[in-house]
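Undergrad:
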Amino acid sequence: MKIQVEEGQDKGFLPDGRHTVEITDIQEGTSEHQNVPFFAARMENEDGFITQRFYTSPTAMPILLSLYAAVGIHPEAGKDLDTKQLLGKKVSIEVGEHHYADPASGNERNIKQATGFRTA
């Protein structure tokens, strides 16, 4: 079996703290447990990367809007946002650990996440 390694895949995770990153990839999906649509944005710089899921539920809309505002895209009522608009944009993020209970097992899980979106 041949496994293709693309440029940038050899980077490790960004360490905790504030980083200026570029959004280099967007993948779309649906959550495993509640079937909520999301997009996963890969954010990276020379120090590493993080992939952050952004859910598109009404509850998550303030987080989405803060990301778009931080990269200079200002949503207008009645107009759709396109995730492709985020590609190549730079943003300042805070990387840290997030702890939560896995819905399937109840076990505690830890993931790295990006929060605190600011203009780069």
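All residue numbers for the sequence shown refer to UniProt numbering, where the first residue is 1 and numbers rise by one. Virtual Cβ for every residue (Gly too), placed ideally from N, Cα, C. Predicted, not measured: the structure shown is a model, and the values here were computed from it.
(1) Can you list, in chain order, the residues of its chain with a C-beta nearer than 6 Å to that of Lys11? Leave out the 5 residues immediately preceding and following it.
(2) Can you tell me whether Tyr68 is buried or exposed, with buried defined as 16 or more other CB within 10 angstroms of its CB?
(3) With a CB to CB cut of under 7 Å and the five nearest residues on each side skipped, what residues in its chain are close to Tyr100?
(4) Which stretch, first to last residue, makes up the beta strand (DSSP E) that contains Pro37?
(5) Quick one, which of Ile63, Ala40, Lys112 and Ile73 has its alpha-carbon nearest Thr24's?
(6) Does the region 12 to 19 come into contact with the region 48 to 63, if we say contact requires no fewer than three beta-carbon pairs (one atom in each stretch) closer than 8 Å?
(7) Hey, could you find the ends of the beta strand (DSSP E) Ser92 is sitting in?
(8) Considering only C-alpha positions, which residue in the set Gly17, Asn45 and Gly78 is nearest to residue 126?
(9) Note down, in chain order, each residue of its chain lying with its Cβ closer than 8 Å to the Cβ of Glu102, except the 5 sequence neighbours on either side.
TA: Checking against the coordinates, here is how it stands:
(1) Indexing the sequence shown from 1 puts residue 11 at position 11. Once the five neighbours on either side are set aside, the close Cβ partners of Lys11 are Gly48 and Phe49.
(2) What you label residue 68 is simply residue 68 of the sequence shown in a count that begins at 1. So Tyr68 ends up on the buried side.
(3) Along the sequence shown, read from residue 1 onward, the residue named residue 100 stands at position 100. Answer for Tyr100: Arg109, listed in chain order.
(4) The residue you call residue 37 lines up with position 37 of the sequence shown. Element bounds for Pro37: Pro37 to Asn45.
(5) Position 24 of the sequence shown, counted from the first residue, corresponds to residue 24. The residue with the shortest Cα to Cα distance from Thr24 is Ala40.
(6) yes
(7) Locating residue 92 in the sequence shown gives position 92, counting from the first residue. Looking at the DSSP string, the run of the beta strand (DSSP E) that includes Ser92 is Lys90 to Ala101.
(8) With the chain represented from 1 up to 120, any question about residue 126 goes unanswered, as that position is not in the structure.
(9) For this step, residue 102 is matched to residue 102 along the sequence shown. Note that residue 102 is Asp in the sequence shown here, rather than Glu. Closer than 8 Å at Cβ, skipping near neighbours: Glu108 and Arg109.
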